[in-house]
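Enquirer:
Number of protein chains: 2
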Amino acid sequence: MRKINPRSFKTATRGTSREINRQIALTLIRAHQPVSRADLARLMETNRANITFLINDLLAEGLVREGATGNDAKRGRRPTFLYLDSQQKCAVAIDVRATRTYLMMTDMIGQQIENISSFPTEPDPEKFIATLVRIIRQLLENNREIAGCEGIGIVVPGMTDIKTGRVLHAPTLGWQNVDLLTPLRKEFEDIPIHIENSGKACALSQIWATRSDVHAHNDLVFVSVSDGVGVGVVIGGELIRGRHNTAGEFGHLPLAIDGLPCSCGANGCWEAYISNLATVSRYFGKNLAQRRPRALETANFTVEDLIGKARAGDAKALAALHLTARYLGLGLASIINAIDPSQIYLGGEITEAWDLIEPQVRDAIMERTLIRDLGATPIRIVPAIEYPRLRGAVALVTAPAFAAPKVA
Amino acid sequence: MRKINPRSFKTATRGTSREINRQIALTLIRAHQPVSRADLARLMETNRANITFLINDLLAEGLVREGATGNDAKRGRRPTFLYLDSQQKCAVAIDVRATRTYLMMTDMIGQQIENISSFPTEPDPEKFIATLVRIIRQLLENNREIAGCEGIGIVVPGMTDIKTGRVLHAPTLGWQNVDLLTPLRKEFEDIPIHIENSGKACALSQIWATRSDVHAHNDLVFVSVSDGVGVGVVIGGELIRGRHNTAGEFGHLPLAIDGLPCSCGANGCWEAYISNLATVSRYFGKNLAQRRPRALETANFTVEDLIGKARAGDAKALAALHLTARYLGLGLASIINAIDPSQIYLGGEITEAWDLIEPQVRDAIMERTLIRDLGATPIRIVPAIEYPRLRGAVALVTAPAFAAPKVA
DNA sequence: GCATATTGTTAAAGAATTAAACAAAATAGT
DNA sequence: ACTATTTTGTTTAATTCTTTAACAATATGC
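From first to last, the protein sequence lines are chains A and B. Residues in the first sequence are numbered from 63 upward in steps of one, following the working numbering. Residues in the second sequence are numbered from 63 upward in steps of one, following the working numbering.
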């Protein structure tokens, strides 16, 4: 039950119904392709004539194409299958991380066109942008046969202003108030550019995923545990952003208001207990209460190394993982109590040890969730190989074409 | 940008545009009444003919009525003003609290019809329901001149299952899995009955309020501090409920995972630091670490009493309030980081001391919010005299008539 | 080879918005 | 006092979309 905002609404016009049905049709083709007109009519609970008109428009626009005829039915005329015409245009996805920046190119349904490439992330924004421009240009050159680029999606580990395209605060990159949009827009004039926080993008990657194996939920939370903790929340099929695009910053909820110092300046943030640095430092017996416990050994020793040691039988390593797991679960419990999502997606290096830590995480969740059902909230691990951040960057570009029109 | 759910959508039909515009028109009349057809045409950016057709329908349905003619304009034919025809039907609102239960009767735009009445809340659900039925009957008898009752809205301090109408868990009432709906439905057969958690209802009361003084925001959080802490979150004009209608339970986020014991069974919940009991106990120097610190003195001594003492110059009382204020702010910071709302509404007894505690609350918020703008999130105090819970119960009944139609 | 079934198109009907013309009512200016 | 102008609200016709119904195309079963 949504209230219509009396200061910001959209009156329905003659074309509104068509607009709505058009987006539904696209969504259904995307979800069920290959699919016939008659199938769509049944799915949409309307008549075939209506579908014919809708599809004629989409064919004329080049968004949909006809393919082979199917032969599912035992009798009657064979259906002509419809597909999204996804190969006409491409999307460029960019994942900026502390050490390296990754690039992926896909068609309009997120199918990869070329191998993922990467280059070292230069700390100086100006140099970084220059390199990025060069590599995007090259990528577009290599794929001249594609008619056009629908957009560039950039994902950054930090707070972003998606309107001005500025990176407001990215501690792991050391960036503060960096304008990514202006120089890129100057370079790629007619290509729309989207910039988003990586936690939010990861959440988008799941809501817009086209996997057949998992029922896509409409209320989900993505938690990414890495150098920092990124969280994205989707409610009713929509990413929540809040007034300053900072909604979903669960990484800095306290586990203890007088606890471990956090990079954000406060104390006892969840992030301070479960970040990769915290886990590794815990193994080395570092004093986590120091502001900057980073040292040579923690810099060259990764969580993956720690997991390896734990699997090899190192009891201290396993204990460090288990303690992180407990804190991970306690924080997840807060998210579950606050959002009550249908599904939690969990990414980050530590999830490679999920088989080792799941019981500890589950116990901690149970400890703090308010009713038993909440404790049973399903958790799906998203492995790094699925590239959730890059997939999220793709969604920034491709999703608008399928989204519901703003109505009422 | 909302994703259309391919397993649950609504195809647009011939009547969809009319349906949308109808709800917009109702919303605008509700917000701007008295208002003329020509005004509506300008507000909706459509032509007057379209409005004539829409209003003819609404007049025929008895939802809108024509009133006097205005004379704003310097020239031209005078407009005939339109009003919501709110007097045909009424809504019954019920606020169940630990000690007393309150009833209010309003018309369809929430204007009070009769004085608020109340009776002691009996701990036994069966007896309670019997009394409630009797008093509702009496209320309806006293207002026989009203054509009909559009619905009964009941608000309870605890978790509710709004589908089955059960109170799952209400610690302050001592209720567990109490079915309110079935016996009431048997009694009031043709009157729709809505049951909701009080924190969520308070949030509804603000989004559906018709105050002219405050710009109604579309993203807001209502925090009610009383025996427990109730929170309701509205995003994009819609109350978030989650999978089990428990979304928004920020009261049990930890301030310290090994902190004070909470009624929920966990430790260190925000509620355990800021509930009325915690504040009063703090004044009496009670050991809050005990599971049940309630004693005679805390039972008969209310927060209002404490505020009185603080105003009279009792330094210990003021210190107790200030400490609660600090914890209140720390928890609000978490909500701000997580939701980033446009506005926070704050209710409960302690808000009567807002002038005494605001600086402490603000400082604590600043201490943990991630960027400065978040720390400046506006907070509006909702005094008890505005009856946010009863207003929320009214909204449960009256809001559906104005809500946006489900589309796409 | 005919009945049956299914797909997709076409023509006409129905229902909504939109544009244009018009009647009603009030004011300003001469 | 009278006319021109302005504004409101209605009516008529045009336009655009959904819906119904009929039909052509194409396959299978008997």
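All C-beta atoms, glycine included, are put in the ideal place defined by N, C-alpha and C. Since the model is a prediction, treat every value here as computed from it, not as a measurement.
For Gly-236(A) versus Lys-151(A), is the C-beta spacing smaller than 7 Å?
Expert: Cβ atoms of Gly-236(A) and Lys-151(A): not closer than 7 Å.
Enquirer: Please list, in chain order, the chain A residues whose beta carbon lies closer than 7 Å to that of Lys-262(B).
Expert: The contacting residues do not exist; Lys-262(B) stays about 12 Å from chain A at best.
Enquirer: So which residues of chain A does His-306(B) contact, with C-beta pairs closer than 9 Å?
Expert: In chain order: Asp-402, Ile-433, Asp-435 and Leu-436.
Enquirer: Taking only three categories from DSSP, how would you classify Ala-357(B)?
Expert: Bear in mind that a pLDDT of 47 at Ala-357(B), under 50, signals an unreliable position, so the number given afterwards is only what the model happens to contain. If DSSP states are grouped into helix, strand and coil, Ala-357(B) belongs with coil.
Enquirer: Flag Glu-176(B) as yes if its beta-carbon sits less than 7 Å from any beta-carbon of chain A, otherwise no.
Expert: no
Enquirer: Determine the closest residue to Thr-272(B) out of Val-469(B), Asn-67(B) and Phe-464(B), with distance taken between C-alpha atoms.
Expert: Phe-464(B)
Enquirer: Using a Cβ-Cβ cut-off of 7 Å, state whether Thr-168(A) counts as contacting chain B.
Expert: no
Enquirer: Counting contacts by CB-CB distance shorter than 7 Å, is Leu-79(B) in contact with chain A?
Expert: It is worth fixing the name first, because residue 79(B) is Ser in this sequence and not Leu. Yes, its Cβ sits closer than 7 Å to a Cβ of chain A.
Enquirer: According to DSSP, is Glu-251(B) helix, strand or coil?
Expert: coil
Enquirer: What residue ranges within the segment 410-461 of chain A form continuous alpha helix (DSSP H) runs of no fewer than 4 residues, ordered along the chain?
Expert: 416-430, 434-437 and 450-460
Enquirer: Check distances from the C-beta atoms of the segment 309-332 of chain B to those of chain A and list, in chain order, the residues that come in under 8 Å.
Expert: Ala-309, Gly-310, Glu-311, Phe-312, His-314, Leu-315, Pro-316, Leu-317, Ala-318, Ile-319, Asp-320, Gly-321, Cys-326, Ala-328 and Gly-330
Enquirer: Give the DSSP-derived three-state secondary structure of Gly-370(B) in the structure shown.
Expert: helix
Enquirer: Give me, in chain order, the residues of the same chain whose beta-carbon lies closer than 6 Å to that of Gly-299(A); leave out the 5 immediate sequence neighbours on both sides.
Expert: Asn-280
Enquirer: Asp-281(A) versus chain B: which residues are under 8 Å apart at the beta carbon?
Expert: Ordered by position in chain B, the residues that pass the 8 Å Cβ test against Asp-281(A) are Gly-304 and Arg-305.
Enquirer: Spatial neighbours of Ala-318(B) within its chain, please: CB distance less than 6 Å, with the 5 preceding and 5 following residues excluded, ordered by chain position.
Expert: Gly-330
Enquirer: Is it buried or exposed for Ile-122(A), if we count other Cβ within 10 angstroms and need 16 for buried?
Expert: One point to set straight first is that residue 122(A) is Ala, not Ile, in the sequence displayed. Ala-122(A) should be labelled exposed.
Enquirer: Based on DSSP bridge pairs, tell me the residues matched to Ser-180(A).
Expert: Tyr-164(A)
Enquirer: With 7 Å set as the bound, which would you pick, yes or no: does the beta-carbon of Ile-156(A) sit closer than that to a beta-carbon of chain B?
Expert: no
Enquirer: What does the Cβ neighbour count give for Glu-107(B), buried or exposed, with the cut at 16 atoms within 10 Å?
Expert: exposed
Enquirer: Phe-71(A) versus chain B: which residues are under 7 Å apart at the beta carbon?
Expert: Simply Ile-86.
Enquirer: Decide yes or no for the touch test of the segment 234-254 of chain A against the segment 405-417 of chain A: beta carbon pairs closer than 8 Å, at least 3 of them.
Expert: Too few Cβ pairs lie closer than 8 Å, so no.
Enquirer: Short check: CB of Leu-390(A) to CB of Arg-430(A), under 7 Å?
Expert: no
Enquirer: Do the segment 170-178 of chain A and the segment 219-234 of chain A touch if we need at least three Cβ pairs shorter than 8 Å?
Expert: no
Enquirer: Would you grab the beta carbon distance between Leu-246(B) and Ile-191(B) for me? Rounded to a whole angstrom, and I think it's under 8 Å.
Expert: 7 Å
Enquirer: Please report the residue range of the beta strand (DSSP E) in which Val-287(B) lies.
Expert: 282-287
Enquirer: Name the two residues that bound the continuous alpha helix (DSSP H) containing Lys-378(B).
Expert: 377-401
Enquirer: What is the DSSP secondary structure of Gly-220(B), reduced to helix, strand or coil?
Expert: coil
Enquirer: So what does Asp-241(B) bridge to, in DSSP terms?
Expert: Arg-228(B)
Enquirer: I'd like to know if Met-106(B) contacts chain A, where contact means its C-beta is closer than 7 Å to some C-beta of that chain.
Expert: yes
Enquirer: Please report whether the beta-carbon of Gly-299(A) lies at a distance below 7 Å from any beta-carbon of chain B.
Expert: Yes, Gly-299(A) counts as interfacial toward chain B.
Enquirer: Would Lys-65(B) pass as an interface residue toward chain A - the criterion being a Cβ-Cβ separation below 7 Å?
Expert: yes
Enquirer: Using a Cβ-Cβ cut-off of less than 8 Å, list which residues of the segment 455-467 of chain B approach chain A; keep chain order.
Expert: Ala-461, Pro-462, Phe-464, Ala-465, Ala-466 and Pro-467
Enquirer: Between which residues of its own chain and Arg-127(B) is the CB-CB distance below 6 Å, once the five residues before and five after are set aside?
Expert: Tyr-145 and Asp-147
Enquirer: Would you kindly report the start and end of the unbroken alpha helix (DSSP H) that includes Asp-119(A)?
Expert: 110-123
Enquirer: Is there a C-beta anywhere in chain A that falls below 7 Å from the one on Val-430(B)?
Expert: Checking the displayed sequence, the identity of residue 430(B) turns out to be Arg instead of Val. Closer than 7 Å: yes.
Enquirer: For chain B, check one thing: does any of its Cβ atoms lie closer than 7 Å to the Cβ of Asn-83(A)?
Expert: yes
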